[in-house]
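Colleague: The opening residue of the sequence shown carries number 1 in full-length UniProt numbering; numbering runs sequentially from there. Mind having a look at this structure? Questions to follow.
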Amino acid sequence: MKKCNLCGEVFKKFDTIICISERDYFHHSCVSFAPIKYAVFATSKAANYDDFLGTCDDEDIQLAEIVFDEGEYLKEGEEDD
């Protein structure tokens with residue numbers, strides 16, 4: 001199953017995810033944005049430019065069920081083993 005590259009949790013069906021590249025996926029709540037296209041930073045308490053993950057466009061912000069195949073995310077009500 002696909003997991004967030006920051007928090008390590010398996011994606012659930014209706015999670016809003018951010019795609020930075022073809023293999024880097026993050027929960028929307030795990031990152032911060034700056035209005036370039038979008039500059040994506042890991043969410044942390046202190047602003048730190050070392051937390052820069054990459055950029056994305058509007059079409060890169062989608063639900064996990066659209067981006068991943070069934071079995072690569074948790075369905076509503078499922079638990080991670």
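C-beta atoms are modelled at their ideal positions from N, C-alpha and C, and glycine is treated no differently.
Of the choices F11, N5 and G77, whose alpha-carbon is the least far from that of E65?
Modeller: Walking along the sequence shown from the start, residue 65 turns up at place 65. Answer by Cα proximity: F11.
Colleague: Just list the beta strand (DSSP E) runs in the stretch 6 to 36, keeping only unbroken ones of 3 residues or longer that don't cross its boundaries, in chain order.
Modeller: The stretch 6 to 36 contains these whole beta strand (DSSP E) runs: 16 to 21, 24 to 27 and 31 to 34.
Colleague: Would you say S21 and G54 are within 8 Å of each other, going by their C-beta atoms?
Modeller: Numbered from 1 along the sequence shown, position 21 holds the residue referred to as residue 21. Numbered from 1 along the sequence shown, position 54 holds the residue referred to as residue 54. Contact: yes.
Colleague: Just mark D57 as buried or exposed, buried being the case when its beta carbon has 16 or more other beta carbons within 10 Å.
Modeller: On the sequence shown, position 57 is the one that residue 57 refers to. By the neighbour-count rule (16 or more Cβ atoms within 10 Å), D57 is not buried but exposed.
Colleague: With distances taken Cα to Cα, identify the nearest neighbour of F14 among H28, S32 and V40.
Modeller: Residue 14 sits at position 14 when you count from the first residue of the sequence shown. Answer by Cα proximity: H28.
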